Amino acid sequence: MPPMPLHVTSFKPGSLDYTSLPQLPLPPWCTPQAQRALGREMDRMQKVQGDTPLSELGWYIDFTRMDNMCQWIVELHSFDRTLPLAADMERLGVQSIVCELRFGADYPMSPPLVRVIRPRFVPFLQGGGGNVTSGGAMCLELLTSTGWLPAYQIDAVLLQVRLAISATDRPARLDARNVHKDYGVAEAFDAYKRAAVTHGWKVPEDMQKRMTF
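Under the UniProt record's numbering, the residues of the sequence shown are numbered 1 to 213, in order.
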């Protein structure tokens, strides 16, 4: 693997401790249609990851650890060192933003729930930003029924998530006091719903199910 460029935060794939993360079984309601669509997307993204330098890609998935295709663990990394977020990551010894994607029974007709597991961010009401809700869910219209299109590819979604986290108009900052405390899925779902109601976005009907598998 080539060395990481100096202008981005450092990242070493394979360093994440998966035993500390939620590892869920394939839910019984995951339809054959969803499994086929997710299988195709996994194959495509594995090729994209293999063909693209990590520092350009900005995300990493350990496909060897993916036992449940309805739950993806994704690390966002290689942030521009000029960002306040990057400064926080390096000061606190954080090499990636660990995210979880939970897919529903009718994927690709509905969006995944995309949430940060760790580290914790400074909440919006306390001066934080980056479109990360107080519960760790991403606040983006494209991740609701209002903005989602079945043609969206997951690497394009990850790009939009990464761009939102990297926004400079209201920059994301890490919560130094709670940086090692994970977000829970229940607080993520509650924050996702609150954000959707605030903006007038429609929540997918099956989103509640994704908390329980």
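We put the CB at the ideal spot given by N, CA and C, even for glycine. Small disclaimer: the values here were computed from a predicted structure and weren't measured.
Considering just the uninterrupted stretch of the beta strand (DSSP E) at Q71, what are its terminal residues?
Q71 to L76
Same chain, Cβ closer than 6 Å to A196, five either side skipped, listed in chain order:
T144 and V203
Just to check my reading of the structure: F103 and L174 have Cβ atoms closer than 8 Å, yes? What is that Cβ distance to the nearest angstrom?
Wrong, their Cβ atoms sit about 27 Å apart, outside the cutoff.
Give me, in chain order, the residues of the same chain whose beta-carbon lies closer than 6 Å to that of Y192; leave out the 5 immediate sequence neighbours on both sides.
A137
Name, in chain order, the residues that DSSP records as bridge partners for M45.
DSSP output for M45 lists no bridge partner at all.
CB L76 to CB S96, shorter than 8 Å?
yes
May I have the straight-line CA-CA distance separating A86 from A188, to the nearest angstrom?
23 Å
For residue 259: DSSP bridge partner residues:
Residue 259 falls outside the range modelled here, since the chain spans only 1 to 213, and no answer is possible.
Below 8 Å between beta carbons: does that hold for R81 and V161?
no
Contact under 8 Å by Cβ, L38 with C70
yes
Could you tell me the boundaries of the alpha helix (DSSP H) in which V203 lies?
Taken as a continuous stretch (DSSP letters only), V203 belongs to no alpha helix (DSSP H), as it is neither H nor E.
Excluding the 5 residues flanking D206 on each side, which residues of the same chain have their C-beta closer than 7 Å to its C-beta?
G104, A105, D106 and S110
Does the Cβ of S15 have 16 or more other Cβ atoms within 10 Å, making it buried, or fewer, making it exposed?
exposed
Could you tell me if L158 is buried or exposed, where buried requires 16 or more neighbouring beta carbons within 10 angstroms of its beta carbon?
buried
Please work out which residues of its chain come closer than 6 Å, Cβ to Cβ, to G147, disregarding the five sequence neighbours upstream and downstream, and give them in chain order.
E141
Nearest-angstrom beta carbon gap, V179 and R115 [assumed within contact, 8 Å]:
With a Cβ gap of about 16 Å, R115 and V179 do not count as contacting.
For the candidate residues Q126, F11, I154 and G50, whose alpha-carbon lies nearest to that of W72?
I154
Measure the CB-CB distance between G135 and D190 and report whether it falls below 8 Å.
yes
So A167 and G128 are in contact, right, with Cβ under 8 Å, and what is the actual spacing, rounded?
That pair is no contact at about 11 Å.
Checking the sheet assignment: what are the DSSP bridge partners for M109?
In DSSP, M109 forms no bridge with anything.
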